[in-house]
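Asks:
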Amino acid sequence: MEFLQLLVSGLANGCVYGLIALGFVLIYKATEAVNFAQGDFMMLGAFIALGLTNAEYMDLPFALAAVLSIGIMAVLGYALDYLVLRHLFGQSQTAIVILTIALGFVIRFVAGAIWGHEPQSLESPLALGDVHLGGLVLGMADVAIIVVTVLLTFFLFQFFQRTKLGLAMQAASQNQMAAYYMGIPVKRIQGLIWGLAGATAAIAGILYASKGAIDPNAGLMGIKAFAAAVIGGFGSLPGALIGGLIVGVIEPFAARYLAAGYSQIAPYALLLFVLVFRPHGLFSQVRTKKV
Amino acid sequence: MRIHFKTSYDHDIRLFPDLWSFCVYAALIVIAVLLPFLMGEFYLGEVTNVLIWAIAGLGLMLLTGQTGQASLGHAAFLAVGCYSCIILMEQGWPFLLAFPACGIITGVFGMLFAIPAVRLHGIYLAIATIALSILADDIIVLLEPWTGGVAGKYPSSIDIFGYEINRWVNIRDFYWLVLAVTILCTLAYRNLLRAPLGRAFAAVRDSEVSATAMGVHIAFTKALAFGLSCAITGLAGALMGFYAGAVTNETFSIVISINLLMMIVIGGLGSIHGAFFGAIVVAFLPQALSILKNAVGGGGVAIPGLESGVFGLILILFIMFEPMGIYGRWLKIRTWFELFPFARKDMFRRQKSYLKTERLR
Chain H
0 MEFLQLLVSG
10 LANGCVYGLI
20 ALGFVLIYKA
30 TEAVNFAQGD
40 FMMLGAFIAL
50 GLTNAEYMDL
60 PFALAAVLSI
70 GIMAVLGYAL
80 DYLVLRHLFG
90 QSQTAIVILT
100 IALGFVIRFV
110 AGAIWGHEPQ
120 SLESPLALGD
130 VHLGGLVLGM
140 ADVAIIVVTV
150 LLTFFLFQFF
160 QRTKLGLAMQ
170 AASQNQMAAY
180 YMGIPVKRIQ
190 GLIWGLAGAT
200 AAIAGILYAS
210 KGAIDPNAGL
220 MGIKAFAAAV
230 IGGFGSLPGA
240 LIGGLIVGVI
250 EPFAARYLAA
260 GYSQIAPYAL
270 LLFVLVFRPH
280 GLFSQVRTKK
290 V
Chain C
0 MRIHFKTSYD
10 HDIRLFPDLW
20 SFCVYAALIV
30 IAVLLPFLMG
40 EFYLGEVTNV
50 LIWAIAGLGL
60 MLLTGQTGQA
70 SLGHAAFLAV
80 GCYSCIILME
90 QGWPFLLAFP
100 ACGIITGVFG
110 MLFAIPAVRL
120 HGIYLAIATI
130 ALSILADDII
140 VLLEPWTGGV
150 AGKYPSSIDI
160 FGYEINRWVN
170 IRDFYWLVLA
180 VTILCTLAYR
190 NLLRAPLGRA
200 FAAVRDSEVS
210 ATAMGVHIAF
220 TKALAFGLSC
230 AITGLAGALM
240 GFYAGAVTNE
250 TFSIVISINL
260 LMMIVIGGLG
270 SIHGAFFGAI
280 VVAFLPQALS
290 ILKNAVGGGG
300 VAIPGLESGV
310 FGLILILFIM
320 FEPMGIYGRW
330 LKIRTWFELF
340 PFARKDMFRR
350 QKSYLKTERL
360 R
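Just so you know, the sequences run in chain order H and C. For the first sequence, position 226 matches number 225 in numbering that gives the first Met the number 0, and the numbering has no gaps at all. For the second sequence, position 146 matches number 145 in numbering that gives the first Met the number 0, and the numbering has no gaps at all.
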């Protein structure tokens, strides 16, 4: 029973990691860039939702606030691409990595300046009530997180595989110049994907904030989500979810069964282990090019 | 306007391209040596800090700027250097032996880490090094009998043939020591770039496929780059320990790793000057901000995250408008004067480039 309880709470945590990792993978799939600020995006989305919902700020109904904050984050993501990232079009990955780390610093500073550094919790209807399944106790928020994550992964996967826009995004990442020749508006596509990643981050943020308090440093969790994305293999959406689940499940078990001090290093040790044996993640998409 | 008329192949790789640049650097060294007589103790301490950061920056520059392997985990190697130097000196080793030894130990650690790391590319390498940096914090706590864990370690005074150097007693001596190490490291770096190995590093950075075709052993070269880079970083870590006077598991956190990488990007990737320019920015930014805050009247107010926020903003502006960093800007200004009146704006225009996927390699 204890085993099952640990497993389920781990799964719920893992889904949050998976949601952030989805944002990483989305951007990676479409622009071949990695957004290190994705965790901070999530934090920002959570704070925007909090600012709209909570009684001491705007006091809007939760559903409206959730939709609004997702919209705002989507616009922010697009604007960010339009204003900043287009200057780096075609530059190397490393430049974008460093840029997004810097961006994370700035977002953290701005969020701290607006909402303060005290942990706050979102007044969300999801935060109330537990679900009893046999002997298992699950928070409403946990159930919501698991359901939303699985649905979102499914739809995004279908979007990339089936729709014209999704294929265009994949093409734009694989070879920018060839994509141009095929008539794909590469720059606009990149803007769209940043918007989509912003919206995903907002969803992750709302769900995460329903589970507990958030503060401007919550975005640092992005590093763990990053580990999840790498374990899954960057560029694979189901891989991101599975990587997130692995990291999420390992954490409570390590905390329960390993000595103190060893438990928090478990996800990173696993990450290094995976990278040693599968340098491109479990669901690798790297093929060797023949020259 | 200067004209370089090359009459032999040696001219291409000479340490100093002409007498003028030799004189400039000689003057710079003379000023640096005389600096303790020109400024107060506080600012001398700050300059020492700049030099230590610059050494660490040189170490990372060799790996990231020269060989093209981004590392977000160099704080871990700073820690290895620092702790190994302190532990060796506690075992009774003299400083003159312990200091190079800690560089070698860190270099060996770097090579060991490189064995799995040379298989990783770009983003996977970045995340592996991040994991290393996070793990280092916890491993230092776990290795408490050696590292002192959370309680930390207190490095003793440096003793060179009976002459005692302690940063808190006499900052001048410590400054000269750091300056000597800086000059040695810079010379070693500069000479490495002139050697075949340095050219191999650059070849690996620019194109692994072409480097292989030219007979460069990619994995070996990368591992060597890791080792040399970590050795220099380890030396900087030891000096950092002596400078701070106390080290704990939190001294070398992931924030230091990130700052280090950002520092060399601001300074200008792939140039020795860049490491120094970047170190100046990193070390003096907190001072400049506090002076600025006093100027607007908010002197006593602590704003959390302000420093990193401003740092991030500076970095974003640099990457957007001057990707070659401060050194790139300096190069443009210098060229403008050297070629006057023939300099043209488009001389430094970025070539239009298109990204291809790294998933097909």
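Even glycine gets a Cβ: it sits at the ideal position worked out from N, Cα and C. All values reported here derive from a predicted model rather than from experimental measurement.
1. Select from C:PHE41, C:ARG198 and C:LEU259 the residue whose C-alpha is nearest the C-alpha of C:ILE51.
2. C:ALA222: which of C:MET323, C:SER252, C:ALA113 and C:ALA179 sits nearest, CA to CA?
3. Compare the C-beta of H:PRO118 with all C-beta atoms of chain C and state if any pair is closer than 7 Å.
4. Can you tell which of H:LEU3, H:ALA20 and H:LEU6 has the C-alpha that lies nearest to the C-alpha of H:GLY218?
5. Residues of the stretch 108-132 of chain C with a CB closer than 7 Å to any CB of chain H: list them in chain order, please.
6. Would H:THR162 be called buried (16 or more neighbouring beta carbons within 10 Å of its own) or exposed?
7. For the stretch 140-147 of chain H against the stretch 245-253 of chain H, are there 3 or more C-beta pairs whose distance is under 8 Å?
8. Would you tell me roughly how many angstroms separate the C-alpha atoms of C:GLY106 and C:VAL32, rounded to the nearest one?
9. Contact criterion: CB-CB distance below 7 Å. Does H:GLY111 meet it with respect to chain C?
10. Could you check whether C:THR334 and C:THR177 sit closer than 7 Å to each other, using their CB atoms as the reference points?
11. Just checking: is the beta-carbon of H:ILE264 within a distance shorter than 7 Å of some beta-carbon in chain C?
12. Give the single residue among C:ILE271, C:ASP137 and C:LEU284 whose Cα lies nearest to the Cα of C:THR250.
13. Can C:GLY56 and C:MET262 be called in contact, C-beta distance under 7 Å?
14. Between C:LYS344 and H:ILE95, what straight-line distance do the alpha-carbon atoms span, to the nearest angstrom?
15. Please classify H:TYR180 as buried or exposed, where buried requires at least 16 neighbouring CB atoms within 10 angstroms.
16. Within the 7 Å Cβ cut-off, does C:PHE341 reach chain H?
17. Out of curiosity, what's the CA-to-CA distance linking C:GLY109 and C:THR128?
18. Would you mind stating whether C:ILE104 and C:LYS152 have Cβ atoms separated by less than 7 Å?
19. Between H:ALA48 and H:GLY204, which are expected to be in contact by the criterion C-beta below 8 Å, what is the C-beta distance as a whole number of angstroms?
20. Return the Cβ separation of H:THR93 and C:ALA69 in integer angstroms, given the expectation that the two are a contact with Cβ distance under 8 Å.
21. Can H:ALA200 and H:GLY44 be called in contact, C-beta distance under 7 Å?
22. Please compile the residues from chain C whose C-beta is within a distance smaller than 7 Å of the C-beta of H:HIS279.
23. Between the stretch 270-283 of chain H and the stretch 225-241 of chain H, are three or more C-beta pairs nearer than 8 Å?
24. Along the chain, where does the beta strand (DSSP E) that runs through H:LEU137 open and close?
25. So what's H:HIS131 in DSSP terms, helix, strand or just coil?
26. Does H:ARG85 have its Cβ less than 7 Å from a Cβ in chain C?
27. Per the DSSP calculation, H:GLU31 is bridged to which residue(s)?
28. Going by C-alpha to C-alpha distance, which of H:LEU191, H:TRP114 and H:VAL246 sits closest to H:GLY13?
29. Strictly by DSSP, which residues pair up with C:LYS361?
30. Can you check the stretch 170-214 of chain C for any alpha helix (DSSP H) of at least 4 residues that lies completely inside it and give the ranges in chain order?
31. Where does H:ASN12 fall in DSSP's three states?
32. Quick one: list the residues of chain C neighbouring H:ALA270, beta-carbon separation under 8 Å, in chain order.
33. Please check if any C-beta of chain C sits within less than 7 Å of the C-beta of H:LEU135.
34. Which residue from H:LEU257, H:GLY242, H:ILE202 and H:ILE264 puts its Cα closest to that of H:PHE61?
35. Could you please tell me which residues of the stretch 232-257 of chain H, in chain order, have their CB closer than 8 Å to any CB of chain C?
Replies: In short:
1. The residue given as residue 51 of chain C occupies position 52 in the second sequence. Closest in alpha carbon position to C:ILE51, among C:PHE41, C:ARG198 and C:LEU259, is C:LEU259.
2. If you number the second sequence from 1, residue 222 of chain C lands on position 223. C:ALA222 has its Cα closest to that of C:ALA113, out of C:MET323, C:SER252, C:ALA113 and C:ALA179.
3. Numbered from its first residue, the first sequence carries residue 118 of chain H at position 119. With 7 Å as the cut-off, H:PRO118 does not count as an interface residue toward chain C.
4. Against the first sequence, residue 218 of chain H aligns to sequence position 219. Nearest C-alpha to H:GLY218: H:ALA20.
5. Residues are counted here when their Cβ sits less than 7 Å from a Cβ of chain H; for the stretch 108-132 of chain C these are PRO115, ARG118, LEU119, GLY121, ILE122, TYR123, ALA125, ILE126, ALA127, ILE129 and ALA130, given in chain order.
6. In the first sequence, counting from the first residue as 1, residue 162 of chain H sits at position 163. Classification for H:THR162: exposed.
7. No: fewer than three Cβ pairs fall under 8 Å.
8. Numbered from its first residue, the second sequence carries residue 106 of chain C at position 107. Numbered from its first residue, the second sequence carries residue 32 of chain C at position 33. Those two C-alpha atoms are separated by around 29 Å.
9. For this step, residue 111 of chain H is matched to residue 112 along the first sequence. At least one chain C Cβ lies under 7 Å of H:GLY111.
10. One-based indexing of the second sequence puts residue 177 of chain C at position 178. One-based indexing of the second sequence puts residue 334 of chain C at position 335. A quick correction: the sequence has Val, not Thr, at residue 177 of chain C. Taking the C-beta atoms as reference points, C:THR334 is found no nearer than 7 Å to C:VAL177.
11. In the first sequence, residue 264 of chain H corresponds to position 265, counting from 1. So, interface residue.
12. Locating residue 250 of chain C in the second sequence gives position 251, counting from the first residue. Per the Cα distances, C:ASP137.
13. The residue labelled residue 56 of chain C in the question sits at position 57 within the second sequence. The residue labelled residue 262 of chain C in the question sits at position 263 within the second sequence. For C:GLY56 and C:MET262, yes; Cβs fall inside 7 Å.
14. For this step, residue 344 of chain C is matched to residue 345 along the second sequence. For this step, residue 95 of chain H is matched to residue 96 along the first sequence. C:LYS344 and H:ILE95: Cα-Cα distance of roughly 26 Å.
15. Translated into the one-based positions of the first sequence, residue 180 of chain H becomes position 181. The residue in question, H:TYR180, is exposed, as its Cβ has fewer than 16 Cβ neighbours within 10 Å.
16. For the purposes of this step, residue 341 of chain C is taken as the residue at position 342 of the second sequence. By the rule that beta-carbons nearer than 7 Å mark a contact, C:PHE341 does not touch chain H.
17. As a first step, residue 109 of chain C must be located in the second sequence, where it is residue number 110. As a first step, residue 128 of chain C must be located in the second sequence, where it is residue number 129. C:GLY109 and C:THR128: Cα-Cα distance of roughly 11 Å.
18. Start at 1 with the first residue of the second sequence, and residue 104 of chain C comes out as number 105. Start at 1 with the first residue of the second sequence, and residue 152 of chain C comes out as number 153. In terms of Cβ geometry, C:ILE104 and C:LYS152 do not form a close pair [threshold 7 Å].
19. Here residue 48 of chain H refers to the residue found at position 49 of the first sequence. Here residue 204 of chain H refers to the residue found at position 205 of the first sequence. Correct: roughly 7 Å between the Cβ atoms.
20. Taking the first sequence and counting its residues from 1, one reaches residue 93 of chain H at position 94. Taking the second sequence and counting its residues from 1, one reaches residue 69 of chain C at position 70. At roughly 5 Å, the Cβ-Cβ gap stays under 8 Å, so H:THR93 and C:ALA69 are in contact.
21. Along the first sequence, one-based indexing puts residue 200 of chain H at 201. Along the first sequence, one-based indexing puts residue 44 of chain H at 45. Against a cut-off of 7 Å, the Cβ pair of H:GLY44 and H:ALA200 comes out as a contact.
22. Locating residue 279 of chain H in the first sequence gives position 280, counting from the first residue. Here the neighbours are TYR123.
23. Yes, since at least three Cβ pairs between the stretch 270-283 of chain H and the stretch 225-241 of chain H fall closer than 8 Å, the two stretches touch.
24. Position 138 of the first sequence, counted from the first residue, corresponds to residue 137 of chain H. Boundaries of the beta strand (DSSP E) harbouring H:LEU137: 135-138, taken from the DSSP string.
25. The count along the first sequence starts at 1 and reaches residue 131 of chain H at position 132. Look at H:HIS131 here: in three-state DSSP terms it is strand.
26. Against the first sequence, residue 85 of chain H aligns to sequence position 86. H:ARG85 does not count as touching chain C.
27. For the purposes of this step, residue 31 of chain H is identified with residue 32 of the first sequence, where counting begins at 1. In DSSP, H:GLU31 forms no bridge with anything.
28. Position 14 of the first sequence, counting from 1, holds the residue named residue 13 of chain H. Closest option to H:GLY13, Cα to Cα, is H:VAL246.
29. No answer is possible for residue 361 of chain C: it lies beyond the span of chain C, which begins at 0 and ends at 360.
30. Whole alpha helix (DSSP H) segments, 4+ residues: 170-193, 195-205 and 207-212.
31. Within the first sequence, residue 12 of chain H is the residue found at index 13, counting from 1. DSSP, reduced to helix, strand and coil, places H:ASN12 within a helical segment of the structure shown.
32. As a first step, residue 270 of chain H must be located in the first sequence, where it is residue number 271. It should be pointed out that residue 270 of chain H corresponds to Leu in this sequence rather than to Ala. Chain order gives the chain C residues near H:LEU270 as ILE126, ALA127 and ALA130, where near means a beta carbon separation below 8 Å.
33. Taking the first residue of the first sequence as position 1, residue 135 of chain H is located at position 136. Closer than 7 Å: no.
34. Taking the first sequence and counting its residues from 1, one reaches residue 61 of chain H at position 62. Among H:LEU257, H:GLY242, H:ILE202 and H:ILE264, the Cα nearest to that of H:PHE61 is on H:ILE202.
35. The stretch 232-257 of chain H vs chain C, Cβ under 8 Å: PHE233 and GLY234.
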